[in-house]
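What follows is a set of notes on a single structure, which appears directly below.
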Amino acid sequence: MPIHPVADAVPPAGGLVVRLMRDDESPMVGALVRRAYEADFDLTEDYLVEIEAVADRAREHEVWIAEDVASGEVLGTVTTPRAGRRMSAVARHADELDFRFLGVSSAARGRGVGEVLVRWVVDLAASRGIRRVVLNTGPQMAAAQRLYERLGFERLDDRAFTFERPDGTSITILAYGLDVRSPIEVTAA
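Counting in this note's numbering, the sequence shown runs from 1 upward without gaps.
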């Protein structure tokens, strides 16, 4: 069933509904996304604090959640900029939508929650008339990269960048993009 982002909630897809986070949910959503990242990746405490700061992000951007229709449990989250804005330097043009902080609870892994959220972002871009969705990801985020590639995202090597960590090691941040043609069909996982 196609998702049309014309309201703050969408019809169930695979037992999930994607909607904007409510203000009172920010502590729980922040904890969910932090646990999702710290369980799988070696990140600095400063970056984990940034990941968890969804209430701060929600003041400027849109924090979306994937909620299990039957239980009401929040299973995942992703953040997009408000219409006409950008979140990061990976979005270089006005007709590009970037997204960040895609996270799925460990209990919901393998249920297609991440895919539903990424498809939601692509559908959101299509509804706004945006031609491309772009993102950055770390080299250690192999599962996320497989998801993006399976959905048709391609590496944007000209948008990758390297930075030095406080311990002196370097890390190259990858970039991906997907040209948006029309809203994507969301299928059950």
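The C-beta atom is built at its ideal place from N, Cα and C for all residues, glycine as well.
In this structure R22 is exposed. Its beta-carbon is surrounded by fewer than 16 other beta-carbon atoms within 10 angstroms. Taking each of S127, R146, E154 and A107 in turn and checking the Cα distance to R82, the smallest one comes out for S127. If you check the CB distance, R150 and G177 do not come in under 9 Å.
When only Cα atoms are considered, G15 and E52 end up about 26 Å apart. In summary, A91 is buried, with 16 or more beta-carbon neighbours lying within 10 Å of its beta-carbon over all protein chains present.
When C-alpha distances from L117 are compared across L48, T79, A39 and S26, the shortest belongs to T79. DSSP, read as helix, strand or coil, puts D179 in strand. It is roughly 23 Å from the alpha-carbon of R119 to the alpha-carbon of E25. Distance from the CA of E38 to the CA of A144, rounded to the nearest whole angstrom, comes to 15 Å.
Counting only the Cα atoms, A89 lies some 10 Å from F161. Per DSSP, reduced to three states, the secondary structure at A144 is helical.
Look at A91 here: in three-state DSSP terms it is coil, with no helix or strand label. Spanning the alpha carbons of A94 and V54 requires a straight line of approximately 24 Å.
Every alpha helix (DSSP H) stretch that sits fully inside the segment 121 to 168 and reaches 4 residues is listed by chain position as 142 to 150.
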